[in-house]
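In this text, residue positions in the sequence shown follow numbering that gives the first Met the number 0: the first is 0, and each later residue adds one. Beta carbons: idealized from backbone N, C-alpha and C, even for Gly.
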Amino acid sequence: MLEGIEGRVREIRETEIVIQVGGLFFKVNCTPNTISKLPVEKDVYLLTFMAYSQDRPPELYGFYDQEEKELFNILLRASKIGPKSAMKILSSASPSRIKHIISTKNAAELSSLPGIGKKTAERMIVELASLVDTSGITDEQTIPGVERSHGEEAVAALTSLGFDENQSRKVVIEILKAEREIDTHDLIKKALKEIRK
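What follows is the structure in structure tokens.
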């Protein structure tokens, strides 16, 4: 099993990168979180998962950090969740947010993520809740329910700009506590201002 890949990032696309290892060029599927941390024309090491299918060529998935890779593997243990579905889920919210949703058995919010219907969400919670480790997640890392959708959108936007996810999340939560009705655009602008202080 291929555990990792080390090489030079030659190209960064929306949902994948091209990494050169010697004379070979590999296409690696990645989440926005991983892509935001990768510099072009620099050597990097990614944890990997190789997916095999009878009717398609093998596909390579890459992860910048261990937490994301571990959660990807956990998601694959759910019935009818394959690598592509797992990547869509990981691309829609942070690992800590997804863990919190599953561990608190929030089927409604889980079903709002891409590619997950109500029945799939309920089944995933039954199958995965006991596997998710939430010991490192604090209340300060969770966005309040009403503001959660555009809060996560703001965090994703900030991390895509290269800012640290934990710092971005903390700033977004503080702003939402003070201004519950703020829209996503203004939320991102305010968060940027706070982070750059």
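* In the DSSP assignment, what are the bridge partners of E10? -> Bridge partners of E10: V17.
* What's the C-alpha gap between R7 and G114? -> 32 Å
- Message: Give me the residue from L157, S111, K98 and R122 with the minimum Cα distance to L130.
- Response: K98
Tell whether a beta-carbon distance below 8 Å holds between N28 and E13.
no
**Asked** Going by the CB atoms, is the gap between T158 and L89 shorter than 8 Å?
**Response** no
**Message:** For L70 and P94, which I take to be in contact (beta-carbon distance under 8 Å), what is that distance rounded to the nearest angstrom?
**Reply:** Correct: roughly 5 Å between the Cβ atoms.
### Task
Could you please give me the residues that DSSP links to F25 through a beta bridge?
I18
Given that a residue counts as buried once 16 or more other Cβ atoms are within 10 Å of its Cβ, and exposed if not, what is P56?
-> exposed
Given this structure, state the Cα-to-Cα distance separating M86 from E173, to the nearest angstrom.
29 Å
> Is G150 helix, strand or coil when you go by DSSP?
Replying inline: helix
Report yes if the CB atom of E40 is closer than 8 Å to the CB atom of A50, and no otherwise. no
Hey, L45 and I4: beta-carbon distance below 8 Å or not? yes
*Taking buried to mean at least 16 other C-beta atoms within 10 Å of its own C-beta, is R168 buried or exposed?*
buried
Where A106 falls, given that 16 or more other Cβ within 10 Å makes a residue buried: buried
Query raised in the report: How many Å lie between S111 and K79 at the Cα?
Result: 17 Å
task = Return the residue from the list Q65, F62 and E126 that minimises the CA-CA distance to L75.
result = L75 has its Cα closest to that of E126, out of Q65, F62 and E126.
Which of the three DSSP states is assigned to E67 in this structure? Secondary structure of E67 (DSSP, three-state): helix.
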